[in-house]
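Numbering follows the working numbering, with no gaps: position 461 of the sequence shown is 489. C-beta atoms are modelled at their ideal positions from N, C-alpha and C, and glycine is treated no differently. Input: a single structure, listed below in structure tokens.
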Amino acid sequence: MEETRTQAYLQLIETLLTCPNGEEPQILQDNLELVDSGFLQVCEVVADNLAEEGQENHANFLRNLASQLGQFLGMNYDGDSDNSEDENPQEYVNFILELLQAEESYSGVAVIYPMLAQRQHLLNLRFAETLHQVADNLIAQHPEAIEHIVGLIVNLSIHISDFPRGNRAKNIEIAITGFQIVLNNRQPGSEKYAGTQNNLANAYLYRINGSRADNLERAIEFYQAALTVHTFEDFPEQWAMTQNNLANAYSDRINGLRADNIERAIEFYQAALTVRTLEDFPEQWAGTQYNLANAYLYRINGLRADNIERAIEFYQAALTVHTFEAFPEKWATTQNNLANAYSDRINGSRADNLERAIEFYQAALTVHTFEDFPEQWAMTQNNLAAAYSDRINGSRADNLERAIEFYQAALTVHTFEAFPEKWATTQNNLANAYSDRINGSRADNLERAIEFYQAALTVYTFED
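Following this line, the structure appears as structure tokens:
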């Protein structure tokens with residue numbers, strides 16, 4: 029595959045991943061000359077890279093897109109296509125019945141996940157349709173066992189929703205189908221009815237198919253419906269969980285004013301903490317402290333300096349539970365976010381704040397290693413480079429050399445092929461570092477800067 033066409037494929041993929049929801053069909057229509065088997069292959073490669081680096085939403089979007097385009101092109105795409113025409117419909121029925129039987133034996137993920145992995149090619153839209161048919165038949169044949177049947181479907185839907193393999197988008201669609209079947213067979217206003225509404229809300233919160241804005245609105249509607257039953261007085265723990273989930277939805281909400289959505293999120297998180305106390309629910313308390321910190325770090329209302337101070341306080345509170353020993357990954361993520369807060373901090377000495385930020389970034393790297401968390405590792409390398417570029421303490425010349433080293437390290441993961449936008453941003457940052465560089469020949473440094481700026485322009489085009 030020639031290099032220029034590969035670059036065009038990558039540019040189209042980056043455009044699709046970063047465009048506003050709903051614009052994808054028009055973008056594809058405008059670039060039909062690139063929609064071929066080569067494009068599908070590149071989609072799969074990029075999706076695999078994104079999945080390995082923890083970006084499951086983007087990975088699943090590309091796989092789902094490749095599957096749909098493969099059907100459009102009349103190709104037998106091997107990624108995550110439905111293959112429903114090649115399968116006997118009875119195979120779906122048998123598979124679903126086997127799964128429900130396993131759920132009945134309380135097998136859990138130790139048994140369910142291997143079963144799903146063995147036939148994950150059947151986890152598609154036909155599976156969802158067949159699940160509806162199987163449920164209807166079982167309920168018609170055993171009307172006295174409706175509660176038991178829908179209970180098994182709840183467990184299966186949760187397991188499929190959480191299943192780490194296969195096509196994430198399709199797994200969530202199957203879960204939504206399952207939860208909707210259950211909701212239709214629950215007594216409205218009952219505790220279990222509210223629990224199913226919460227499950228549906230969670231599914232829509234992370235749904236990949238459809239409009240992101242609409243999915244978040246549906247999630248909010250289901251959470252609010254659940255709260256008509258899960259009241260503070262009758263079900264305080266479930267009420268607090270839903271307050272926290274509503275806050276997550278408002279934190280990501282697209283409709284409405286961003287400032288207002290963050291304020292609503294903060295209110296819901298604080299409400300959750302009236303139940304999720306450190307004494308009674310330490311882990312949940314710490315999670316909500318962390319969420320509040322993120323909300324304050326990006327808060328628009330109020331004084332920026334005060335918001336950053338509040339964020340730092342909440343991150344530090346979360347760390348009293350999310351310790352290195354007990355929760356190393358959460359600890360490392362909080363170290364990184366604390367570093368971001370200190371990098372932006374207004375109060376205190378700018379020099380001291382940057383030193384603290386560097387310390388927190390380096391702490392995060394004790395867990396976020398290149399081998400185990402390459403994407404997080406690269407992000408922190410980039411953040412460390414920015415901190416050293418701005419650093420006040422130490423030799424300016426040495427700080428710039430360190431910044432250049434960290435930017436170049438980030439590029440070992442943020443390659444042009446896998447992360448073209450991040451690659452371009454780092455090229456631009458390297459150009460800035462070389463423009464300011466003290467060591468070496470001034471003329472040579474400026475030439476390198478120009479090269480990096482020009483490289484960035486291969487992605488940062490006038491059109492985009």
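DSSP places ASN427 inside the alpha helix (DSSP H), whose first and last residues are 424-438. If you draw a 10 Å sphere on the C-beta of ALA94, you find 16 or more other C-beta atoms in it, and that means buried. The Cβ atoms of ILE124 and LEU159 lie closer than 7 Å to each other.
Around the beta carbon of PRO117, fewer than 16 other beta carbons lie within 10 angstroms, which makes this residue exposed. Distance check between LEU228 and each of ILE204, ASN165, ARG240, VAL121 places ILE204 closest, using alpha-carbon atoms only. In the three-state reduction of the DSSP assignment, VAL303 falls in the coil class. Across the set ASN457, LEU44, VAL487, TYR488, the C-alpha of ASN457 shows the shortest separation from the C-alpha of ALA477. Annotated as distal: ALA461 and TYR481, with beta-carbon spacing of 7 Å or more. Assignment of beta strand (DSSP E) within the stretch 198-270, counting only whole runs of 3 or more residues, yields no such run.
Rounded to whole angstroms, ARG91 and GLY238 show a C-alpha spacing of 15 Å.
For VAL441, no alpha helix (DSSP H) run applies, since DSSP gives it neither H nor E.
If you ignore the 5 residues before and after PHE250, its C-beta comes within less than 6 Å of the C-beta of GLN225, LEU228, ALA229, all in its own chain and listed in chain order. For a cut-off of 8 Å, the C-beta gap from VAL210 to ILE181 is around 6 Å, short enough to register as a contact.
DSSP places LEU45 in the helix class (H, G or I) of the three-state scheme.
In this chain, the alpha helix (DSSP H) harbouring ARG378 covers 378-392. Minimum Cα-Cα distance from VAL303 among the listed residues ALA354, ARG327, PHE260, ILE294 corresponds to PHE260.
Taken atom to atom, the span from the alpha-carbon of PRO356 to that of ALA385 is near 19 Å.
DSSP places PHE191 in the coil class of the three-state scheme, outside both helix and strand. Taken through DSSP and simplified to helix, strand or coil, ARG196 comes out as helix. Residue state for LEU285 is assigned as coil, using DSSP reduced to three classes. By the Cβ neighbour-count rule, PRO216 is exposed, with fewer than 16 other Cβ atoms within 10 Å of its own. Between ASN322 and the set GLU341, GLN39, ALA268, the nearest pair of CA atoms involves GLU341. In the DSSP assignment, SER463 falls within the unbroken alpha helix (DSSP H) covering 448-464. Residue state for THR486 is assigned as coil, using DSSP reduced to three classes.
The C-beta distance from LEU38 to PRO448 rounds to 5 Å, short enough to meet the 8 Å contact threshold. Linking GLY179 to ASN213 through their CA atoms gives a straight-line distance of about 10 Å. Between ARG147 and SER371, the alpha-carbon positions lie close to 48 Å from each other. Excluding the 5 residues flanking it on each side, ASN381 has same chain C-beta neighbours closer than 6 Å at TYR370, ARG373, in chain order. Excluding the 5 residues flanking it on each side, ALA299 has same chain C-beta neighbours closer than 7 Å at GLN271, in chain order. DSSP, reduced to helix, strand and coil, places SER279 within a helical segment of the structure shown. Restricting attention to ILE236, LEU274, GLU265, the CA atom closest to the CA of ALA253 is found in LEU274.
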